[in-house]
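Working notes, beginning with the structure itself.
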Amino acid sequence: MAQRTGQEDPERYLFVDRAVVYNPATQADWTAKKLVWVPSERHGFEAASIREERGEEVVVELAENGKKAVVNKDDIQKMNPPKFSKVEDMAELTCLNEASVLHNLKDRYYSGLIYTYSGLFCVVINPYKNLPIYSENIIEMYRGKKRHEMPPHIYAISETAYRCMLQGRPLPPAHCAPPLPLISARGVQEISTALGVLGSFELSDCSSFCHTQIGPP
344 MAQRTGQEDP ERYLFVDRAV VYNPATQADW TAKKLVWVPS ERHGFEAASI
394 REERGEEVVV ELAENGKKAV VNKDDIQKMN PPKFSKVEDM AELTCLNEAS
444 VLHNLKDRYY SGLIYTYSGL FCVVINPYKN LPIYSENIIE MYRGKKRHEM
494 PPHIYAISET AYRCMLQGRP LPPAHCAPPL PLISARGVQE ISTALGVLGS
544 FELSDCSSFC HTQIGPP
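According to this note's numbering, the sequence shown holds residues 344 to 560 in order.
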């Protein structure tokens, strides 16, 4: 019998196996091939190895099919080492360029990792299916944790906002002015749910905070 979505291990949609990412053989292969990103009409960008430099032009070998191509040197974008594969915060990328950002988002998305940080912002790609990462158990995983201690998630954002409200601190810029078109109804619902559950655990603290800041009725 097929496994129901609700019974799947939610951690596979949150965590990256860094042991696989830090494979020395993969790192050695990347170094030997001098891999870079080159423009592609089909993919936007694709991986290629530099074979020869001719002034402002470079001969590359496409990784996908081994075909040779000549591209302008200015169109080549550097590729990050394999240890940055599926990185959770793209601000950590050594080579922060369009090709690397798109590749990281695509790589994470195809692995079921729909949340990715980009500095202060959280990028979310619609999976167009239900994922088992919105339960009270997941909320508990994020409760009381700092953002860098857990994988990217909308619950990490709501947890940070909740802590700021309790402590009377200004919200971080990512929470003050998010790009509204990117907030879906589901996203608002999940934030509300998370705040509701978090609040139920610390109702007395919240009441005390409100009493101090606003005053008794």
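All residues carry an ideal CB built from backbone N, CA and C; glycine is no exception. Treat the numbers as computed from the prediction; the structure is a model and nothing was measured.
Check                                                                                                     : Outcome
Continuous alpha helix (DSSP H) stretch holding K411: start and end                                       : Careful: K411 lies outside any alpha helix (DSSP H), inside the beta strand (DSSP E) at 411 to 415.
Alpha-carbon to alpha-carbon, V381 and F388                                                               : 5 Å
Bounding residues of the beta strand (DSSP E) (the contiguous stretch that carries L448)                  : It is not in any beta strand (DSSP E) - L448 instead sits in the alpha helix (DSSP H) that spans 441 to 453.
Sequence-distant residues of its chain with Cβ nearer than 6 Å to P425 (five each side left out)          : T369, Q370, W373
Heavy atom of the ligand NAD within 6 Å of A504 beta-carbon                                               : As for the ligand NAD, it is missing from this structure, which has no ligand bound.
8 Å CB neighbourhood of N440 in its chain, flanking five on each side removed                             : W380, Q420, K421
Segment contact, 8 Å Cβ cut-off, at least three pairs: the segment 396 to 404 with the segment 360 to 369 : no
Cβ neighbour criterion (16 or more within 10 Å) applied to E407                                           : exposed
8 Å Cβ shell around G487 - same chain, five flanking residues per side excluded                           : E502
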